[in-house]
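Under the working numbering, think of the first position of the sequence shown as 1184, with each following residue one higher. All residues carry an ideal CB built from backbone N, CA and C; glycine is no exception.
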Amino acid sequence: MTSAGSGAGALPPGHVRRYYGDLASGELHPDRMRIDNLTFRAVIDRAGLVLAQTPKISIVSQYQFALRRVFASMVHDELDGGSSDLLQFNVREQGRGFDVFKKPISFAAALRLGPIEHDGTYICIAGTDLEVTWTVDVPLWQSLVDATRIVKVTLSGDYVSCSTR
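Next comes the structure, spelled out in structure tokens:
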């Protein structure tokens, strides 16, 4: 086995190495962590209006949610036809009352480029509610898309217990 600081199998410095170090040292116990995916869905009608959407999702009160990746998907993505270019989203943390991202994220970029990954993590306060807010370019949607689309954003992250050992 190679030590953490030398050899070809060594992890480079950074947050992943610290994370594995915390697991190995016992600082992070399996009973204090959970991995979860929170999925938010929206139905956007022919007029470009959000017809229905997943309501807020509550974070488990004894845990903080450390957001690591954001995935975007579209039901029948072969029907995209450019509709994803007319859509943006943000994640709203209701506990602190602000958006996770400084500016809305292009749905097309998240859909085509794969998951949005964080070098660090965004940590939500325990017991907060998360929701995804959608922004549609309505005039262009009506003239270019003129169809209903179902879109999804999935937040992948870790639940970390707030309790001490």
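Close beta carbons around residue i, own chain, < 6 Å, minus the five adjacent residues each side
i	result
V1258	I1333
G1204	none
S1266	V1328, R1332
N1220	T1337, S1339
D1312	K1239, S1241, Q1277
Boundaries (first-last residue) of the beta strand (DSSP E) holding residue i
i	result
R1295	Per DSSP, R1295 belongs to no beta strand (DSSP E); it is in the alpha helix (DSSP H), 1290-1296.
G1209	Where G1209 is concerned, there is no enclosing beta strand (DSSP E), given that its DSSP letter is neither H nor E.
R1332	1332-1344
V1319	1312-1319
Minimum C-alpha distance to residue i - residue among the options
i	options	result
F1248	R1279, G1265, A1309, T1237	A1309
D1329	D1219, L1269, M1216	L1269
T1222	C1345, P1322, A1255	A1255
C1307	R1201, G1209, A1207, L1338	L1338
A1292	V1253, I1242, S1241	V1253
I1299	P1322, N1273, W1324	N1273
K1335	C1345, V1315, L1323	V1315
R1279	Y1305, G1297, T1237	Y1305
Beta-bridge pairing of residue i - partner residues as DSSP gives them
i	result
I1306	A1249
E1300	R1252
D1282	R1275
Neighbourhood of residue i by C-beta, 7 Å cutoff - its chain only, sequence neighbours within 5 removed
i	result
S1289	Q1271
R1229	D1329, A1330, T1331
V1343	R1215, M1216, Y1246, Q1247, A1249
V1243	Y1342
Minimum Cβ-Cβ distance from residue i to chain D less than 8 Å
i	result
W1317	Among the chains of the structure shown, chain D does not appear; only one protein chain is present.
Close beta carbons around residue i, own chain, < 8 Å, minus the five adjacent residues each side
i	result
V1233	A1225, V1226, I1227, W1317, V1319
Quick check for students: name the residue ranges of the beta strand (DSSP E) that lie wholly in the segment 1217-1280, counting only runs of 3 or more. Counting only runs of 3 or more, we get 1233-1236, 1246-1257, 1270-1276.
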